[in-house]
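Below is one structure, written out as structure tokens; the observations come after it.
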Amino acid sequence: MTDVFSDKLARWSAYTATPWGRIRYTVVEEILRRQCAELGEGLRILDVGGGEGMDALPLALAGHEVTILDPSESWLAEAKRRATEAGASLTTLVGGVDDLPEGE
Numbered sequence: 626m627t628d629v630f631s632d633k634l635a636r637w638s639a640y641t642a643t644p645w646g647r648i649r650y651t652v653v654e655e656i657l658r659r660q661c662a663e664l665g666e667g668l669r670i671l672d673v674g675g676g677e678g679m680d681a682l683p684l685a686l687a688g689h690e691v692t693i694l695d696p697s698e699s700w701l702a703e704a705k706r707r708a709t710e711a712g713a714s715l716t717t718l719v720g721g722v723d724d725l726p727e728g729e
């Protein structure tokens, strides 16, 4: 699998620091928090295309078992770095939905 996203990480990170980027992640975080609250505690969550982990990290910090599936190793490395820095645990898998083991 060719990683066509690695060279875009710096630009995406710059975007997420802008007011619009922060608003986007704040809104999504609240929506996910509400949905997870309705479903219960300790959920098992798969974030497909989760990249750098900006959506997944709050879920992991809330105590859910989070796995990020993404084709870019560099973006997943950033997700791991963010999780470590925040004191959260999450799992990363390189690939796409078709690469998941059967039954997962």
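So the sequence shown is numbered by the numbering used here: it starts at 626 and just counts up by one. Yeah, the Cβ is synthetic: ideal placement off N, Cα and C, and Gly gets one too.
DSSP three-state assignment for residue i, whether helix, strand or coil
i    : result
L664 : helix
G646 : helix
Check whether residue i and residue j have beta carbons under 8 Å apart
i    : j    : result
P696 : G678 : no
T717 : A704 : yes
S631 : S699 : yes
V719 : L701 : yes
G712 : L694 : no
A662 : A685 : no
E654 : R669 : no
E666 : G688 : yes
D680 : L657 : yes
Y650 : T643 : no
Per DSSP, cross-strand counterpart(s) of residue i
i    : result
D680 : Note: D680 sits in no beta bridge, so no partner.
E690 : R669
D695 : V719
Exposed unless 16 or more other CB atoms sit within 10 angstroms - verdict on residue i
i    : result
P726 : exposed
L682 : buried
L664 : exposed
D723 : exposed
Segments of 4+ residues assigned as alpha helix (DSSP H) that fall wholly inside the segment 703-728: none
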